[in-house]
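Structure first, commentary second.
Numbering (full-length UniProt numbering), first residue to last: 1 to 384.
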């Protein structure tokens, strides 16, 4: 065998390249296994959130059946519980951090103070916007059920997907590939199939989940309901984008403490102004619209608050790992879980298109989750 006359540096470079190729080839099974686990975990969390969303909708539907329809007041316990729980955790962490923080020199005090003031103003403005938007999105969606049918609301809720994608594009600097757009489109088609199943099954379903009155009482009410559904979907998409940004930049407990506190205050103010008549009747007479409220209404309120608490907390802790867009796509399957419960609770009739719709949505979720979204630059302070 001939001696290699090439320079030693070139020989070493070739050996390094060969070693890297061998390592990459040997690590392929581990990478595939890691990617498979990530996809399964993402789909699992998304479906847990969809089930919690369906549970909150079922409890709200049961409240409406007994005559309690207070979309603002019934969200106050959820927001208040989140605010109290995570504000306490946040303050304890701040106290511990303050005890162990580094004491700055006197010459640095002014610079540090100005930077802290700017950061505090930015945080306050972001928390205020996120809390107000989230509260209005929840209120608009729940209020829409009084005027239009479930099928229209489910279809219009798809508007949260392009909204959250735009928020992720501009606010979080995410860039999506063709697989993400195709997966989102497949999920929307699955939601459209679910709406078709709702329409075909509506002749047999005698009751709306949130309203005991007829589905279409007048053309004006339908238009109002659709506008409320559009508003709620867009605001929810914006809110989920803000949530991912805040949890990634400022931390999970910061979002769950301050944003929910702002939402609770806004809910209380709005409820006192718009629902004071019903609340006064409930508190002083124990009736609503002249009818006594059954004891089960308290259980329904507790169930709604607990399911919303779990949903908001779980979403905040996982949104930076799953992304706001994928969560909105996962929530499209909420109607299937709501239907399963509605068969037993509301005596709804099943249509085979629901299985097809769920399968299409799930296929779109898998396609969307296969590849991570690319971002231009890393967001600082990402984490809890």
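Using N, Cα and C, we set each Cβ at its ideal position, and we do this for glycine too.
Notebook entry, point to check: From residue 233 to residue 157, what does the alpha carbon distance come to, in whole angstroms?
Noted result: Counted from its first residue, the chain shown places residue 233 at position 233. Counted from its first residue, the chain shown places residue 157 at position 157. Cα to Cα, the separation comes out at about 5 Å.
Note to self: Using only the alpha-carbon positions, how far apart do residue 415 and residue 83 sit?
What the structure shows: Within the shown structure, residues of the chain are numbered from 1 to 384, placing residue 415 beyond reach of any answer.
Next item on the list: Alpha carbon to alpha carbon, how far is residue 56 from residue 305? Give it in angstroms, no decimals.
Entry: Numbered from 1 along the chain shown, position 305 holds the residue referred to as residue 305. Numbered from 1 along the chain shown, position 56 holds the residue referred to as residue 56. Using only the alpha carbons, I get a separation of about 8 Å.
Notebook entry, point to check: By Cβ distance below 7 Å, which residues in the same chain neighbour residue 307 in space, the five residues on each side in sequence not counted?
Noted result: In the chain shown, counting from the first residue as 1, residue 307 sits at position 307. Closer than 7 Å at Cβ, skipping near neighbours: 52, 55, 56, 59.
Notebook entry, point to check: Is the Cβ-Cβ distance between residue 140 and residue 72 less than 7 Å?
Noted result: In the chain shown, counting from the first residue as 1, residue 140 sits at position 140. In the chain shown, counting from the first residue as 1, residue 72 sits at position 72. Cβ atoms of residue 140 and residue 72: not closer than 7 Å.
Next item on the list: Check whether the Cβ atoms of residue 330 and residue 46 sit closer than 7 Å, and answer yes or no.
Entry: Stepping through the chain shown from its first residue, residue 330 is reached at position 330. Stepping through the chain shown from its first residue, residue 46 is reached at position 46. With contacts defined by Cβ atoms closer than 7 Å, residue 330 and residue 46 form a contacting pair.
Notebook entry, point to check: Helix or strand or just coil, what does DSSP make of residue 181?
Noted result: Taking the chain shown and counting its residues from 1, the one referred to as residue 181 is at position 181. Correct three-state label for residue 181: helix.
Item checked: Beta-carbon separation (whole angstroms), residue 264 vs residue 80, contact threshold 8 Å -> Mapped onto the chain shown, residue 264 falls at position 264. Mapped onto the chain shown, residue 80 falls at position 80. The pair is a contact, with the Cβ atoms about 5 Å apart (cut-off 8 Å).
Margin query: By alpha-carbon positions, which one of 147, 283, 261 ends up nearest to residue 405?
Written below: Within the shown structure, residues of the chain are numbered from 1 to 384, placing residue 405 beyond reach of any answer.
Next item on the list: May I have the straight-line CA-CA distance separating residue 135 from residue 77, to the nearest angstrom?
Entry: Residue mapping note: residue 135 aligns to position 135 of the chain shown, counting from 1. Residue mapping note: residue 77 aligns to position 77 of the chain shown, counting from 1. Going by the C-alpha atoms only, they are around 13 Å apart.
Note to self: Less than 7 Å between the C-beta atoms of residue 87 and residue 333, yes or no?
What the structure shows: What you label residue 87 is simply residue 87 of the chain shown in a count that begins at 1. What you label residue 333 is simply residue 333 of the chain shown in a count that begins at 1. Their beta carbons are not under 7 Å apart, which means residue 87 does not touch residue 333 by this criterion.
Check: Cβ of residue 298 within 6 Å of any heavy atom in the ligand ZN?
Finding: By its list of ligands, the structure shown contains no ligand whatsoever, and the ligand ZN lies outside what it can speak to.
Item checked: Candidates 50, 353, 38: closest to residue 196 by CA position -> Here residue 196 corresponds to residue number 196 of the chain shown, with the count starting at 1. Taking the Cα of residue 196 as reference, the smallest distance to any Cα among 50, 353, 38 is reached at 353.
Check: DSSP state of residue 372, grouped into three classes?
Finding: The residue given as residue 372 occupies position 372 in the chain shown. It is coil, neither helix nor strand.
Notebook entry, point to check: Going by other Cβ atoms of all chains shown within 10 Å of its Cβ, with 16 needed for buried, is residue 63 buried or exposed?
Noted result: Along the chain shown, read from residue 1 onward, the residue named residue 63 stands at position 63. Here residue 63 is buried. Its C-beta has 16 or more other C-beta atoms within 10 Å.
Margin query: Which of the three DSSP states is assigned to residue 136 in this structure?
Written below: As a working note, residue 136 is residue 136 in the chain shown. In the three-state reduction of the DSSP assignment, residue 136 falls in the helix class.
Margin query: Pairs of beta-carbons, one from the region 167–181 and one from the region 237–249, closer than 8 Å: are there three or more?
Written below: Because the criterion of three Cβ pairs below 8 Å is met, the region 167–181 and the region 237–249 touch.
Next item on the list: Using the DSSP secondary-structure output, state which residues sit across from residue 288 in a beta bridge.
Entry: What you label residue 288 is simply residue 288 of the chain shown in a count that begins at 1. In the DSSP secondary-structure assignment, residue 288 is bridged to 291.
Note to self: On the DSSP letters alone, give me the boundaries of the alpha helix (DSSP H) that residue 83 sits inside.
What the structure shows: Here residue 83 refers to the residue found at position 83 of the chain shown. For residue 83, the enclosing alpha helix (DSSP H) covers residues 76–99.
Check: By how many angstroms is the C-alpha of residue 344 removed from the C-alpha of residue 212?
Finding: Taking the chain shown and counting its residues from 1, the one referred to as residue 212 is at position 212. Taking the chain shown and counting its residues from 1, the one referred to as residue 344 is at position 344. Reliability fails at residue 212, whose pLDDT of 43 lies under 50, so the model's placement of it is uncertain and the value that follows must be treated cautiously. Cα-Cα distance, rounded: 17 Å.
Check: Bridge partners of residue 175, per DSSP?
Finding: For this step, residue 175 is matched to residue 175 along the chain shown. According to DSSP, residue 175 bridges with 374.
Notebook entry, point to check: From what residue to what residue does the alpha helix (DSSP H) around residue 68 run?
Noted result: Taking the first residue of the chain shown as position 1, residue 68 is located at position 68. Careful: residue 68 lies outside any alpha helix (DSSP H) and carries neither H nor E.
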